[in-house]
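Position one of the sequence shown corresponds to residue 5 (the numbering used here), numbered consecutively onward. Have a look at the structure below, then the notes.
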Amino acid sequence: MKKNKILLMGVFFAIIAIFAGCKKDMSEYLKHEDLYGYATNSTVYDNQPKVFSQNITFNAGFTFATYSGITPYFERGDVVLTYYLYEKLGGEQFWVALPFKEDYYDINWFAEFSDNNGLMYINAEKSDGSSPFNSSHTRGFKFVLIRSKIIYTNPNVDFTDYEEVSKAFNLVDKQEEIF
């Protein structure tokens, strides 16, 4: 009887050890929290970064201009990358990320956006804070609207380089009439 009791206890502990040691590893499966913000079939396009090209006019004496073209697509938490069409004195043009200091004209360019609706504010100031424009002045800008989750999942992209961002996300520029 004592042997049966010891044998029964041994079998009992063996069963417990088997069930405790056979826990399935769930780390390779998505958890419910991972699905937050995940693209469904109806929102795949909405998760693709969007590019907006725009000529923006600064009025004489003003240090800022606004752009509202992003507002219909903007969601809280989105990020707006802003690029300015810079032209060197030799005529070469290329896109530079804001903030940017245009040394030749002593203009500091920087962008701000409302985190409520995406309204863009493009600021242009001389180093003393005054307006750099004595008359109306138009410049070319690109705004890239990106869902914040996309930025986190692409840590190796240099977001200050428009060409790299364009290549990484296959950006489609809908308006090419920038100067």
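Where is the CB? At the ideal position from N, CA and C, for every residue including glycine. The structure presented is a predicted model; accordingly, all values stated were derived computationally and were not measured.
Nearest to A64 by alpha-carbon distance, out of P136, K153, I154, I111, is P136.
Beyond the five residues adjoining it in sequence on each side, P53 comes within less than 7 Å, by CB distance, of V148, L149, I150, I154, F173, L175 in the same chain, given in chain order. When rounded, the separation of the alpha-carbon atoms in S139 and K105 is 20 Å. The beta carbon of D119 sits closer than 7 Å to the beta carbons of R80 from its chain, once the five residues preceding and following it are set aside; these are given in chain order. Annotation for E168: the continuous alpha helix (DSSP H) segment containing it runs 166-173.
The C-alpha of G144 is placed about 6 Å away from the C-alpha of Q58. One alpha carbon belongs to A69, the other to D82, and they sit about 21 Å apart. Here the alpha carbons of A115 and E91 stand approximately 19 Å from one another. For S152, the uninterrupted alpha helix (DSSP H) run begins and ends at 152-156, by DSSP. Within the segment 63-141, the complete beta strand (DSSP E) segments at least 3 residues long are 68-71, 83-91, 97-101, 104-106, 111-117, 124-129, listed from N- to C-terminus. The three-state secondary structure of N59, taken from DSSP, is strand. Around the C-beta of I111, 16 or more other C-beta atoms lie within 10 Å, and the residue is accordingly described as buried. In chain order, V161, D162 place their CB closer than 7 Å to the CB of E168, counting only its own chain and leaving out the 5 sequence neighbours on each side.
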